[in-house]
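Notes to accompany the following structure.
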Amino acid sequence: MSTADPVALEAVATARAALVEQVGADVVGEHLTARAEDEGVVTHNFASSEPGYPGWVWAVTVAHAPGAESVTIDEIVLLPGEDAIIAPVWVPWRDRIQPGDLSPGDLLPTDEDDPRLVPTYFAGDTFEDWERAVVDEVGLGRARVLSLEGRQLATQRWYASEQGPESALAQSAPGRCEGCGFLVRLAGDLSLTFGVCANEFANDDGRVVSLNHGCGAHSEAQLRKKQLPPPLPDHVFDSLSRDDYEEF
Numbered sequence: 000m001s002t003a004d005p006v007a008l009e010a011v012a013t014a015r016a017a018l019v020e021q022v023g024a025d026v027v028g029e030h031l032t033a034r035a036e037d038e039g040v041v042t043h044n045f046a047s048s049e050p051g052y053p054g055w056v057w058a059v060t061v062a063h064a065p066g067a068e069s070v071t072i073d074e075i076v077l078l079p080g081e082d083a084i085i086a087p088v089w090v091p092w093r094d095r096i097q098p099g100d101l102s103p104g105d106l107l108p109t110d111e112d113d114p115r116l117v118p119t120y121f122a123g124d125t126f127e128d129w130e131r132a133v134v135d136e137v138g139l140g141r142a143r144v145l146s147l148e149g150r151q152l153a154t155q156r157w158y159a160s161e162q163g164p165e166s167a168l169a170q171s172a173p174g175r176c177e178g179c180g181f182l183v184r185l186a187g188d189l190s191l192t193f194g195v196c197a198n199e200f201a202n203d204d205g206r207v208v209s210l211n212h213g214c215g216a217h218s219e220a221q222l223r224k225k226q227l228p229p230p231l232p233d234h235v236f237d238s239l240s241r242d243d244y245e246e247f
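The sequence shown begins at 0 in numbering that gives the first Met the number 0 and counts up by one.
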């Protein structure tokens with residue numbers, strides 16, 4: 000740590016005067032500390048009464064050149080103190096967004112090097128150069144498809160969701176989705192693990208479900224006899240009492 004220059008260390012009044020000239024006397028409080036920054040350089044901290052900045056301090060850095068009688072002002076800044084209220088670290092919107100946050104008109108562009116996507120010709124849809132040029136020109140097909148990493152991420156996310164095998168709904172189901180008539184199979188590698196529910200009365204209608212998921216709306220679910228409602232008794236015509244309609 001540098002030894003504090005005596006002239007710079009004692010220049011509290013000079014530092015305060017420069018600060019007041021810069022920001023006004025109303026927002027400058029008492030002198031708090033002085034810290035040596037380098038040889039002949041000292042930073043004086045003053046309390047701040049600036050509205051909206053509790054706990055912040057004014058930092059005035061002064062420099063004393065060898066042989067000079069007075070100091071010069073290097074910098075005046077407002078800095079957060081130990082008890083200052085500061086904004087949290089900024090997180091870009093694309094890193095904060097959660098499923099369901101997109102509203103009509105919002106855009107969430109993907110990066111050109113997004114690891115979840117690869118050019119179509121790297122994922123099984125092979126094209127010659129001339130074919131690729133035609134596809135790009137007329138807009139046929141897709142420029143990019145899911146990469147192996149993209150498929151793995153989707154698989155992990157779907158399998159761990161409420162549409163996976165560990166949900167309470169699946170644990171109490173009478174059967175698994177793989178044996179349900181309402182299951183619509185996917186294509187490709189994902190078809191080995193997932194399908195889409197097409198039962199309008201099921202909780203997961205229109206959603207991707209794992210084949211070992213399940214619910215009470217399984218196509219082959221049957222009520223046991225003890226679960227059936229009791230039959231209603233036959234209607235009986237009471238001929239011993241007088242009905243009100245007989246008076247008219």
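Quick reminder that beta carbons are idealized off the backbone N, C-alpha and C, glycines included.
When the options are compared against residue i, the one with the closest alpha-carbon
i: Ala186; options: Ala64, Ala86, Leu145, Val27; result: Leu145
i: Ile84; options: Leu101, Thr109, Val70, Gly51; result: Gly51
i: Asp188; options: Pro108, Glu36, Glu148; result: Glu148
i: Arg143; options: Thr109, Pro53, Arg156; result: Thr109
i: Ala46; options: Val195, Gly178, Val70, Gly28; result: Gly28
i: Pro118; options: Leu106, Arg141, Gly104; result: Arg141
i: Glu199; options: Gly215, Ser209, Ser160; result: Gly215
i: Gly194; options: Trp157, Thr32, Glu165; result: Trp157
i: Val19; options: Ser48, Gly39, Glu161, Val235; result: Ser48
i: Val11; options: Thr2, Ala24, Asn44; result: Asn44
i: Gly80; options: Ser69, Glu36, His212, Pro53; result: Pro53
i: Val70; options: Thr192, Glu9, Gly213; result: Glu9
Straight-line Cα distance separating residue j from residue i
i: Thr42; j: Val26; result: 18 Å
i: Ala64; j: Pro5; result: 12 Å
i: Leu182; j: Ala197; result: 6 Å
i: Thr13; j: Val90; result: 40 Å
i: Gln170; j: Ala86; result: 44 Å
i: Gly163; j: Arg93; result: 27 Å
i: Pro98; j: Ser218; result: 30 Å
i: Ala67; j: Arg34; result: 20 Å
i: Ser16; j: Leu101; result: In the sequence as presented, Ser is not what sits at residue 16; that position holds Ala. Going from the Cα of Ala16 to the Cα of Leu101 covers about 52 Å.
i: Leu210; j: Ala172; result: 13 Å
i: Val22; j: Val88; result: 27 Å
i: Glu248; j: Pro103; result: Since the first and last residues shown for the chain are 0 and 247, residue 248 lies out of range.
i: Gly178; j: Pro229; result: 30 Å
i: Glu38; j: Leu31; result: 21 Å
i: Ser190; j: Leu107; result: 27 Å
i: Val207; j: Leu231; result: 41 Å
i: Gly174; j: Asp233; result: 36 Å
i: Ile96; j: Asp204; result: 25 Å
i: Gln221; j: Ser160; result: 27 Å
i: Ile72; j: Ala7; result: 10 Å
i: Asp105; j: Gly213; result: 34 Å
i: Ala3; j: Asp82; result: 26 Å
Residue environment, residue i, which counts as buried when at least 16 other CB atoms sit within 10 Å
i: Ala167; result: exposed
i: Val61; result: buried
i: Ala201; result: buried
i: Val40; result: buried
i: Gly180; result: exposed
i: Ala24; result: exposed
i: Val235; result: exposed
Any chain C beta carbon closer than 8 Å to residue i
i: Leu168; result: Although the question refers to chain C, the structure presented lacks it and comprises just one protein chain.
### Query
Can we say the segment 74-83 touches the segment 47-59, given the rule of at least three CB pairs closer than 8 Å?
yes
### Query
Three or more beta-carbon pairs under 8 Å between the segment 103-117 and the segment 147-161, yes or no?
yes
### Task
Identify every run of the alpha helix (DSSP H) within the segment 147-232, keeping only runs that are complete inside it and at least 4 residues long; order them along the chain.
147-158, 167-170
### Task
Please go through the segment 56-95 and give each complete beta strand (DSSP E) segment of 3 or more residues, from N-terminal end onward.
71-79
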